[in-house]
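Colleague: Those protein sequence lines, which keep their order, are chains A and B.
In terms of UniProt numbering, the first sequence is residues 1 to 245.
In terms of UniProt numbering, the second sequence is residues 1 to 254.
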Amino acid sequence: MTYLTDIGRYILMIKNIFRRMTKASVMKRLIFNEVEDLIISSLGIVVFISFFIGGVVAIQTALNLNNPLLPKQLIAFAARQSVILEFAPTFISVIMAGKVGSYITSSIGTMRVTEQIDALEVMGINSVNYLILPKIIAMLIYPFLIAIAMFMGILGAYMAGIFGGFISSTQFLTGLQEEFIPFHLAYAFIKTFLFAFILATIPAYHGYYLKGGALEVGQASTTSFIWTSVVIILTNFVVTQLFLG
Amino acid sequence: MIKVENIHKSFDGEEILHGIDATFETGKTNLIIGTSGSGKTVFLKCLLGLFRPEQGSIHYDGDRYMDMSEEQQRELRKSMGMVFQGSALFDSMTVAENVMFPLKMFTKQKITEMNHRVKEVLDRVNLDGADDKYPSEISGGMQKRVAIARAIVNRPKYLFCDEPNSGLDPRTAIVIDNLIQEITREYDITTVINTHDMNSVLEIGESIIFLQFGDLKWTGTKDEIFKTDNKTVTDFVYSSNLFKKVRKAQLKGL
Numbered sequence: 001m002t003y004l005t006d007i008g009r010y011i012l013m014i015k016n017i018f019r020r021m022t023k024a025s026v027m028k029r030l031i032f033n034e035v036e037d038l039i040i041s042s043l044g045i046v047v048f049i050s051f052f053i054g055g056v057v058a059i060q061t062a063l064n065l066n067n068p069l070l071p072k073q074l075i076a077f078a079a080r081q082s083v084i085l086e087f088a089p090t091f092i093s094v095i096m097a098g099k100v101g102s103y104i105t106s107s108i109g110t111m112r113v114t115e116q117i118d119a120l121e122v123m124g125i126n127s128v129n130y131l132i133l134p135k136i137i138a139m140l141i142y143p144f145l146i147a148i149a150m151f152m153g154i155l156g157a158y159m160a161g162i163f164g165g166f167i168s169s170t171q172f173l174t175g176l177q178e179e180f181i182p183f184h185l186a187y188a189f190i191k192t193f194l195f196a197f198i199l200a201t202i203p204a205y206h207g208y209y210l211k212g213g214a215l216e217v218g219q220a221s222t223t224s225f226i227w228t229s230v231v232i233i234l235t236n237f238v239v240t241q242l243f244l245g
Numbered sequence: 001m002i003k004v005e006n007i008h009k010s011f012d013g014e015e016i017l018h019g020i021d022a023t024f025e026t027g028k029t030n031l032i033i034g035t036s037g038s039g040k041t042v043f044l045k046c047l048l049g050l051f052r053p054e055q056g057s058i059h060y061d062g063d064r065y066m067d068m069s070e071e072q073q074r075e076l077r078k079s080m081g082m083v084f085q086g087s088a089l090f091d092s093m094t095v096a097e098n099v100m101f102p103l104k105m106f107t108k109q110k111i112t113e114m115n116h117r118v119k120e121v122l123d124r125v126n127l128d129g130a131d132d133k134y135p136s137e138i139s140g141g142m143q144k145r146v147a148i149a150r151a152i153v154n155r156p157k158y159l160f161c162d163e164p165n166s167g168l169d170p171r172t173a174i175v176i177d178n179l180i181q182e183i184t185r186e187y188d189i190t191t192v193i194n195t196h197d198m199n200s201v202l203e204i205g206e207s208i209i210f211l212q213f214g215d216l217k218w219t220g221t222k223d224e225i226f227k228t229d230n231k232t233v234t235d236f237v238y239s240s241n242l243f244k245k246v247r248k249a250q251l252k253g254l
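#1: If we count Cβ pairs, one from each stretch, closer than 8 Å, do we get three or more for the segment 33-46 of chain B versus the segment 116-132 of chain B?
#2: Reducing DSSP to helix, strand and coil, say where N64 (chain A) ends up.
#3: Is the segment 70-87 of chain B touching the segment 153-165 of chain B in the sense that three or more CB pairs, one from each, lie closer than 8 Å?
#4: Could you give the residue range of the beta strand (DSSP E) that holds Q55 (chain B)?
#5: Would you give the residue range spanned by the alpha helix (DSSP H) that T228 (chain A) belongs to?
#6: Quick one: which residues of the segment 113-138 of chain A get their C-beta closer than 8 Å to a C-beta of chain B? List them in chain order.
#7: Classify S87 (chain B) as helix, strand or coil using the three-state DSSP reduction.
#8: Whole angstroms are fine: how far does the CA of S42 (chain A) sit from the CA of W227 (chain A)?
#9: Run down chain B in chain order and give the residues with a C-beta less than 9 Å from the C-beta of V35 (chain A).
#10: L47 (chain B) CB to nearest chain A CB: under 7 Å?
#11: Is there a Cβ from chain B that is less than 7 Å from the Cβ of V217 (chain A)?
#12: Of all the options B:R171, B:D235 and B:T29, which has the alpha carbon lying nearest to the alpha carbon of E206 (chain B)?
#13: Thinking V99 (chain B) and R150 (chain B) are a contact (beta carbons under 8 Å), I'd like their distance in whole angstroms, please.
#14: Would you kindly work out how many angstroms separate the C-alpha atoms of P68 (chain A) and I53 (chain A), rounded to a whole number?
#15: V26 (chain A) touches chain B at which residues, Cβ-Cβ below 8 Å?
#16: So G207 (chain A) is in the beta strand (DSSP E); what residue range does that whole segment cover?
#17: Just reading off the beta strand (DSSP E) that G220 (chain B) is part of, what are its end residues?
#18: Can you tell me which of the three DSSP states L232 (chain B) falls into?
#19: Between K78 (chain B) and chain A, is the shortest Cβ-Cβ distance under 7 Å, so that the two count as touching?
#20: My understanding is that A149 (chain A) touches V56 (chain A), with C-beta atoms under 8 Å, so please give their C-beta distance in whole angstroms.
#21: Please report the residue range of the alpha helix (DSSP H) in which A147 (chain B) lies.
#22: Taking its Cβ as the centre, do 16 or more other Cβ atoms sit within 10 Å of D132 (chain B), making it buried, or is it exposed?
#23: How would you write the range of the beta strand (DSSP E) that T195 (chain B) sits in, first residue to last?
#24: Counting only Cβ pairs nearer than 7 Å, list the residues of chain B close to K23 (chain A).
#25: Ignoring anything shorter than 4 residues or poking outside the segment 82-143 of chain A, list the alpha helix (DSSP H) runs there in chain order.
#26: Let me know the secondary structure DSSP gives A22 (chain B) once reduced to three states.
#27: Between the C-alpha atoms of F183 (chain A) and F243 (chain A), what's the straight-line distance to the nearest angstrom?
#28: I'd like to know if R52 (chain B) contacts chain A, where contact means its C-beta is closer than 7 Å to some C-beta of that chain.
#29: Counting only C-beta atoms, is A149 (chain B) closer than 7 Å to chain A at any point?
#30: Output needed for Q212 (chain B): all residues of its chain with C-beta closer than 6 Å, excluding positions within five of it in sequence on either side, in chain order.
#31: Specify, as a first and last residue, the run of the beta strand (DSSP E) that Y187 (chain B) falls within.
#32: Counting beta carbon pairs with one atom in the segment 60-75 of chain B and one in the segment 134-142 of chain B, are three or more of them shorter than 8 Å?
#33: Could you pull the DSSP bridge partners for H8 (chain B) from this structure?
#34: List the residues of chain A whose Cβ lies closer than 7 Å to the Cβ of R74 (chain B), in chain order.
#35: Identify the contact partners of M198 (chain B) in chain A, using a Cβ-Cβ distance below 7 Å as the criterion.
#36: What does F84 (chain B) reach in chain A if we use C-beta pairs closer than 8 Å?
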């Protein structure tokens with residue numbers, strides 16, 4: 001029953017986000033701040049993880065290619081497919097549920113327990129619009145982050161393949177272009193947009209409706225990470241079934 | 001003036017306010033007092049429009065809140081200022097930005113005009129030189145002054161304060177109480193203060209209502225509260241040792 005209440009309240013919150021808009025000049029500044037906090041500050045960790053995971057994918061594929069009849073290009077092909085289709089959009093989004101999601105829940109949750117949200121409401125400001133819409137708009141740039149993750153993942157695979165002596169540069173570049181289906185990129189970015197919305201709104205919901213004090217802020221961050229990850233994984237399954245199934 | 005009639009408010013089936021009637025006059029510091037759990041904060045949040053009472057009505061200068069459209073209610077809220085118990089300053093903004101916030105949100109003033117007004121109210125609350133500091137870098141008393149400055153910057157008609165001097169030392173608490181009273185008279189606004197501090201009652205209790213377990217038990221002034229025979233009120237008023245001694249002296253005719 002509480003799950004149904006939560007889902008209903010989440011939907012109402014989403015509806016309210018787009019009502020009684022905040023003044024454009026104020027909203028513009030808020031969006032830039034959120035781009036800085038949510039996207040730019042995540043660049044480092046995304047680049048680091050993507051590069052090394054891409055490398056590991058290449059090494060694992062190479063080590064499992066025991067059959068001499070299988071072409072070496074398969075290493076690049078496997079790295080490309082796994083990075084573009086799943087690793088960059090889904091795996092990075094789950095990591096972002098931890099990084100960006102906890103940040104959103106704890107920052108909004110702290111505003112709730114310190115009555116800053118009440119202060120906004122008393123002033124006649126639509127607090128969900130003021131607090132959550134800038135995050136949703138900032139997260140529209142999230143696919144850009146995922147594009148960087150894709151690039152870094154493939155670069156990591158290339159470096160690991162070449163410097164590990166598993167594959168030549170020519171073989172890698174040939175394998176990278178082999179049987180490339182452009183729709184796979186579209187599929188990856190469509191689901192990235194959905195994940196971006198989930199990443200902005202589910203943690204915001206957990207922070208906004210928080211009750212209690214500092215301890216509850218910590219608990220809400222954990223709960224928000226779990227639910228954001230669960231919803232991302234389920235959405236990934238549904239979207240994959242719809243587009244590729 | 002704010003007039004409240006028969007306000008009832010429940011949470012999860014439990015009634016917290018059992019039909020409160022009260023009048024808060026303009027130009028006076030109106031106090032809501034009572035023990036913890038008496039429903040003071042719920043009542044104040046009903047006045048602010050943060051909670052919607054199930055029954056009863058609230059009139060702001062004759063206009064019934066419940067009859068107002070959403071737009072009218074929002075406009076009314078722009079004429080309210082609120083000082084929260086914990087100040088509720090925005091952590092990510094400096095003192096000046098916090099005070100300027102309502103102006104940025106609701107006026108079309110130029111930045112020079114806004115800066116001028118911010119300086120004016122910060123001077124009024126005797127807070128100079130803290131403009132660029134963040135709330136975490138200033139003391140509790142200074143935070144309260146910033147909260148008052150933010151509440152009055154847009155020239156409100158109604159000022160609400162939830163335990164404005166909680167967590168402050170007695171001297172700072174009196175300064176804050178007096179500041180609120182001065183501002184109330186100077187701006188001729190309707191001020192409603194939620195408190196359980198007897199020093200505040202002594203200092204600024206021009207009009208007092210006493211709540212207990214969601215019921216209105218007594219109304220009067222600071223002079224009357226020390227003369228009342230209402231046992232519920234006297235139990236509350238004379239609960240501290242200092243006031244007990246005062247009571248004993250009173251009874252002995254000293």
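Even glycine gets a Cβ: it sits at the ideal position worked out from N, Cα and C.
Modeller: Walking through what the data contain:
#1: no
#2: helix
#3: Yes, they touch.
#4: Note, Q55 (chain B): beta strand (DSSP E), Q55 to Y60.
#5: A214 to L244
#6: T114, E115, Q116, D118, A119, E121, V122, M123, G124 and I125
#7: strand
#8: 20 Å
#9: Those within 9 Å of V35 (chain A) in chain B number zero; the least Cβ separation is about 15 Å.
#10: no
#11: no
#12: B:T29
#13: 5 Å between Cβ atoms; contact.
#14: 25 Å
#15: K104 and M105
#16: Unbroken run through G207 (chain A) is the alpha helix (DSSP H), P182 to Y208; no beta strand (DSSP E).
#17: Here the beta strand (DSSP E) through G220 (chain B) covers D215 to G220.
#18: Checking the displayed sequence, the identity of residue 232 (chain B) turns out to be Thr instead of Leu. Note: T232 (chain B) maps to helix in three-state DSSP.
#19: yes
#20: The Cβ separation is near 14 Å, so there is no contact.
#21: G140 to I152
#22: exposed
#23: T190 to T195
#24: M105
#25: 92-113, 116-122 and 127-138
#26: strand
#27: Their backbone Cα atoms lie some 9 Å apart in a straight line.
#28: no
#29: no
#30: G34, S38 and T232
#31: Here Y187 (chain B) belongs to no beta strand (DSSP E); instead the alpha helix (DSSP H) covers P170 to Y187.
#32: By the Cβ rule, the segment 134-142 of chain B does not count as touching the segment 60-75 of chain B, because fewer than three pairs are nearer than 8 Å.
#33: DSSP, once it has assigned bridges, lists B:H18 and B:Q55 as partnering H8 (chain B).
#34: Within chain A, the residues placing a beta-carbon under 7 Å from that of R74 (chain B) are G124, ordered along the chain.
#35: Result: empty, since nearest Cβ-Cβ is about 24 Å, beyond 7 Å.
#36: E115, D118 and A119
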